[in-house]
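Colleague: Got a structure for you, written out below as structure tokens; questions coming shortly.
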Amino acid sequence: IDVRVANPNASCFVYFRLNSYDGALFSFLSVPSTGSVTSWQTISPATVYPKEGVYDVYMIFQGSATDMLNVNWLKFKGLSSGLSTNAFESEVEVYPNPFTDQFTLRGAAGARVEVYGMLGNLISTVSIEREEQTLNLSNLRSGYHLLKVIKSDGNIESFKVLKR
């Protein structure tokens, strides 16, 4: 998903949920202040792809201001954007999941991994140098986190992981 937003206030959050207001979370967006209601910025949230199917998508806005932000447009990317029919088959493996203090990424050599909390806050960024690399995330709180794997070819894969 690409989202074009303008936010004159302090940062706020947009949660994307499936089929209901409190349905399964499949993506989130932390929207920083852009300075005004007409200073537009395109942001791509971390996304965990749902299973193939038809869904209603709910956007839930959270922030402290009355006029939180302006949304200019949304662009859903996927098979219709010219990706192969295997677009939703991951080339990267994350295991074990759930994990205690560390997990291993396989198939992500040369990528950059961004680790996000479930409120959309960027927690850390790690460069992946090897085909199979173990990441120590013992500093994370227990709970769900989103990984955004940004490959050297520009492709992005996202994963939801659970730290025990």
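Residues are numbered in the numbering used here as their position in the sequence shown, beginning at 1, plus a constant of 48.
Just so you know, even glycine gets a beta-carbon here, dropped at the ideal spot from N, CA and C.
Please read these numbers as outputs of a predicted model, since none were measured by experiment.
(1) Using the C-alpha atoms, what's the distance from His-193 back to Glu-205?
(2) I'd like to know if the stretch 52 to 60 and the stretch 75 to 82 are in contact, where contact means that at least 3 CB-CB pairs between them fall below 8 Å.
(3) Residues in the same chain with beta-carbon distance under 7 Å from Ser-129, minus the five sequence neighbours each way, listed in chain order, please.
(4) Indicate whether at least one CB of chain D lies closer than 7 Å to the CB of Ser-81.
(5) Give every residue of the same chain whose Cβ lies closer than 8 Å to the Cβ of Arg-212, excluding the five residues on either side of it in the sequence, and list them in chain order.
(6) Check for me: the beta strand (DSSP E) holding Ile-290 runs from which residue to which?
(7) Can you give me the C-alpha to C-alpha distance between Val-209 and Leu-195, rounded to a whole angstrom?
(8) For Arg-65, count neighbouring Cβ atoms within 10 angstroms of its own Cβ and tell me buried if that reaches 16, exposed if not.
(9) For the beta strand (DSSP E) containing Phe-61, list its first residue and its last residue.
Modeller: So, from the listed chains and residues:
(1) 14 Å
(2) yes
(3) Note that Ser-129 scores 37 on pLDDT, short of 50, meaning its location in the model is unreliable; the coordinates nonetheless yield the value given after this. The answer is none, since no qualifying residue turns up.
(4) The displayed structure is made up of one protein chain only, and chain D is not part of it.
(5) Pro-146, Phe-147, Thr-148, Ser-190
(6) The requested residue 290 does not occur in the structure, where the chain is confined to residues 49 to 212.
(7) 7 Å
(8) buried
(9) 60 to 66
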